[in-house]
Amino acid sequence: MAFQKAVKGTALIGGGAIATVFGLSQFSQYRNKHGAFVHVQAAEAVTVPIKNHFPTREQQILALQTTSEFDVLVIGGGATGCGCALDAVTRGLKTALLERDDFSSGTSSRSTKLIHGGVRYLQKAIMKLDFEQYKMVKEALEERANLLEIAPHLSAPLPIMLPVYKWWQLPYYWLGIKLYDLVAGSQCLKSSYVLSKSRALELFPMLRKDKLVGAIVYYDGQHNDARMNLTIALTAARYGAATANYAEVLCLLKTTDPASGKERVCGVRCRDVLTGQEFDVKAKCVINATGPFTDSVRKMDDQEVPNICQPSAGVHIVMPGYYSPDNMGLLDPATSDGRVIFFLPWEKMTIAGTTDSPTDVTSHPIPTEEDINFILNEVRNYLSVDVEVRRGDVLAAWSGIRPLVTDPNSKDTQSISRNHVVTISDSGLVTIAGGKWTTYRAMAQDTIDAAVQAHDLKAGSSKTIGLQLQGAEDWSPTLYIRLVQDYGLESEVAQHLASTYGDKAFEVAKIAQVTGKRWPIVGKRLVSEFPYIEAEVVYGVKEYARTAVDMVSRRTRLAFLNVQAAEEALPRIVDIMGKELNWSEQKKKEELEAAKKFLYYEMGYKVKSDQLTDSSEISLAPSDIERYKKRFHMFDKDKKGFITILDVQRVLESISVQIAENTLHDILNEVDLNKNGQVELNEFLQLMSAIQKGHVSGSRLAVLMKTAEENLHQRVVIPVDRSGGGL
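Numbering (the UniProt record's numbering), first residue to last: 1 to 727.
Here's what the structure looks like:
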């Protein structure tokens with residue numbers, strides 16, 4: 001039976017290979033559309049001068065208010081919108097961009113962090129002989145090569161392992177992955193290869209060994225999505241685009257065309273969200289690049305227009321870095337419900353996802369416990385039984401909304417391709433919808449081409465192939481060494497700055513504060529275990545960050561890596577931003593609360609609270625209950641049934657250990673479920689039960705009490721730093 005399946009699978013792929021080769025021969029015309037290869041630097045063809053620095057937000061708002069008419073006005077500051085602005089401005093068009101929130105605040109910052117063609121889309125293209133899906137994969141692979149070329153500091157190739165547990169799957173998957181290489185052609189990052197079982201386990205020791213046959217490794221790209229999006233926006237600003245975040249479009253402006261008598265879109269009425277000021281921005285062409293909100297802007301133009309966008313929610317989780325090798329990802333090609341799950345190293349952590357389910361459009365998508373547990377269960381299926389996959393190791397979780405283009409009657413979002421479409425309404429509103437992160441540049445090119453033709457704009461062809469983004473020009477893999485040598489930064493911090501800001505890292509290093517220590521000389525960290533420094537907050541304000549959420553989630557990626565670390569960094573971030581932006585004490589308090597709310601709901605902090613509540617079940621063996629009661633009563637000498645800061649201090653003093661009172665308050669507050677300033681015996685037992693079940697990890701109180709019990713009669717150093725434990 002296995003042999004028959006192998007033959008069938010190989011035949012299918014073989015037939016697909018023939019179809020693909022035929023498609024490749026027919027595809028030359030499509031490739032010629034793009035012209036130059038990525039190795040040709042388009043910057044030489046750009047006649048628009050680039051500024052050394054981007055304007056301030058205040059200067060950008062002033063430009064929006066005082067410019068009589070723009071050629072192009074883009075609504076939406078995600079990857080596609082910023083890509084449109086960059087494409088337009090480098091063609092010499094007078095360009096504006098408005099974003100009602102922050103750049104990359106929506107879907108573009110909540111991706112899988114991959115720059116890829118889409119292995120699963122190629123599979124569908126072959127199985128269904130779907131040339132449109134094939135073209136999408138081909139285009140994405142070309143754009144993958146371009147993106148790695150124009151922003152090498154923010155992106156890099158990543159090997160991804162596809163483990164094989166049935167012999168017949170080996171030729172099936174091998175041929176499929178080889179076709180992926182073939183479609184990439186000369187732009188293939190590195191050739192895929194087959195691994196034996198022993199070699200696969202050597203490279204990915206956490207992998208489940210049982211029934212493992214071997215593995216196939218292929219290459220795709222990986223990037224820092226929010227930073228990439230911001231860099232595109234900043235590059236557009238340096239070329240002269242008037243870009244503004246926190247500028248909300250209230251309605252479209254229209255005028256009557258004297259020649260045809262038809263109404264034409266001629267601009268927008270917008271509001272500066274930060275000041276409340278409203279003003280008009282006139283433009284010859286308005287482009288709707290609002291992702292999941294595509295239809296809401298289209299309905300500003302025509303209330304009767306049918307929806308073209310069907311949103312789909314994708315949840316990701318972040319786990320500690322020890323769950324995956326430093327430089328090897330994992331692909332689960334067929335989950336229990338037919339989806340694809342990626343398991344990837346990212347920013348020294350491990351990212352896993354994604355799910356795919358229909359959703360309502362919202363600015364604040366929330367990850368659900370159901371989706372988080374689905375991902376954890378799939379991860380368990382592929383990791384060794386020696387690795388305990390704990391719910392408590394989830395450090396952050398988020399949901400992103402994919403703007404899939406579909407027939408309004410379709411219900412199955414999983415079968416929908418992410419092809420993009422460009423439409424032009426009767427009144428001239430240009431809409432770009434669908435697509436995927438990797439193809440943002442091609443989408444922008446198609447959009448501006450359509451806008452130029454429809455509105456008779458005077459502009460040449462696109463110049464963004466090979467056009468380097470901010471930070472790429474003088475970047476090199478060894479740039480961080482100069483930061484260490486010239487400024488006295490920690491090596492880890494220097495590497496982070498170089499891979500985040502590229503050659504602009506020196507501007508951050510110049511404003512880094514002296515630490516007062518022998519080493520590092522400069523660069524005070526926001527939190528101890530991450531390389532983000534205080535100077536980045538100051539620099540982030542220059543990069544248009546205007547809220548604490550901007551800083552904690554998109555200028556740094558703390559919220560996406562560890563929400564507890566993000567919460568710990570918030571007070572200092574708010575203090576620094578308050579000084580830079582002249583915030584009042586009331587404003588600082590509001591920003592702190594808004595950021596905590598963001599972490600609580602949108603980044604998975606709420607599920608931490610749900611794991612340990614005053615109604616949590618205690619599932620402990622009688623012997624464990626007695627052991628934990630004894631430990632608790634060591635602190636509760638008076639048999640009150642609860643412990644306070646004074647009780648803990650008394651025990652610590654008896655073993656000559658001192659911990660700051662505010663630190664002790666934070667430690668107890670993590671377990672004080674009813675928030676009455678004390679930890680009852682029942683709360684402590686609930687904590688220990690949750691730890692045993694893997695729902696909670698890294699509890700400082702649990703570690704402190706265990707250490708004190710074990711070392712009651714000798715002086716010890718008790719660790720009280722917030723651990724790497726998760727939600």
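The beta-carbon is built from N, C-alpha and C at its ideal position, and this holds for glycine as well.
Please read these numbers as outputs of a predicted model, since none were measured by experiment.
For residue j and residue i, the rounded distance between their alpha carbons
| i | j | result |
| --- | --- | --- |
| Met136 | Gln453 | 23 Å |
| Gln684 | Val648 | For the record, residue 684 in the displayed sequence is Phe; it is not Gln. Taking the straight line from one Cα to the other gives about 14 Å. |
| Asp393 | Leu179 | 37 Å |
| Asn711 | Glu568 | 29 Å |
| Gln60 | Phe374 | 45 Å |
| Leu114 | Thr438 | 8 Å |
| Asp624 | Ser296 | 57 Å |
| Arg700 | Ile655 | 18 Å |
| Ala450 | Ile432 | 10 Å |
| Gly329 | Gly677 | 44 Å |
| Asp446 | Glu580 | 40 Å |
| Tyr544 | Thr56 | 7 Å |
| Ala88 | Arg546 | 26 Å |
| Gly276 | Glu143 | 39 Å |
| Ala283 | Gly267 | 5 Å |
| His364 | Thr290 | 15 Å |
| Gly176 | Tyr218 | 11 Å |
| Ala396 | Gly460 | 45 Å |
| Ile618 | Ser689 | 6 Å |
| Asp337 | Tyr382 | 15 Å |
| Ala244 | Arg572 | 26 Å |
| Gly321 | Pro345 | 7 Å |
| Ser191 | Leu620 | 52 Å |
Coil, strand or helix - residue i by DSSP
| i | result |
| --- | --- |
| Cys84 | helix |
| Ser155 | strand |
| Glu709 | helix |
| Gly9 | Its pLDDT being 45, under 50, Gly9 is placed unreliably by the model, and the measurement read from it follows with that caveat. Helix at Gly9. |
| Pro365 | coil |
| Met603 | coil |
| Lys282 | strand |
| Val318 | strand |
| Thr335 | coil |
| Phe54 | coil |
| Thr478 | coil |
| Glu347 | coil |
| His34 | In this prediction, His34 scores a pLDDT of 42, lower than 50, which makes its location untrustworthy; no coordinate-derived value is stated. |
| Asn288 | strand |
| Lys135 | helix |
| His665 | helix |
| Phe293 | helix |
| Ser425 | coil |
| Trp398 | strand |
Residue burial classification, residue i (beta-carbon count within 10 angstroms, cutoff 16)
| i | result |
| --- | --- |
| Pro622 | exposed |
| Ala444 | buried |
| Ala708 | buried |
| Ala594 | exposed |
| Tyr487 | buried |
| Gln222 | buried |
| Cys251 | exposed |
| Glu202 | exposed |
| Leu599 | buried |
| Ala334 | exposed |
| Lys299 | exposed |
| Trp475 | buried |
| Gly259 | For the sequence presented, residue 259 should be read as Ala rather than Gly. By the neighbour-count rule (16 or more Cβ atoms within 10 Å), Ala259 is not buried but exposed. |
| Ser417 | Low local confidence applies: a pLDDT of 49 at Ser417 is under 50, so the model's placement there is unreliable, and no value is given. |
| Glu670 | buried |
| Gly428 | buried |
The ligand NAP heavy atom lying under 7 Å from the CB of residue i
| i | result |
| --- | --- |
| Met634 | Ligands are entirely absent from the displayed structure, and the ligand NAP is therefore not among its contents. |
When the options are compared against residue i, the one with the closest alpha-carbon
| i | options | result |
| --- | --- | --- |
| Ala151 | Leu469, Arg555 and Asp550 | Leu469 |
| Val549 | Pro520, Met603 and Gly214 | Met603 |
| Ala535 | Val493, Ser499, Asp638 and Ala565 | Val493 |
| Cys309 | Ser499, Thr423, Ile126 and Gly428 | Thr423 |
| Pro159 | Ser462, Asp326, Gly435 and Glu590 | Asp326 |
Chain E within 8 Å of residue i, Cβ atoms only
| i | result |
| --- | --- |
| Gln277 | No chain E is present in this structure, which holds just one protein chain. |
Presumed contact (8 Å Cβ cut-off) between residue i and residue j, rounded CB distance
| i | j | result |
| --- | --- | --- |
| Leu141 | Val183 | 6 Å |
| Ser312 | Ala226 | With 8 Å as the limit, Ser312 and Ala226 do not qualify as a contact, their Cβ atoms being about 20 Å apart. |
| Gly92 | Thr47 | 7 Å |
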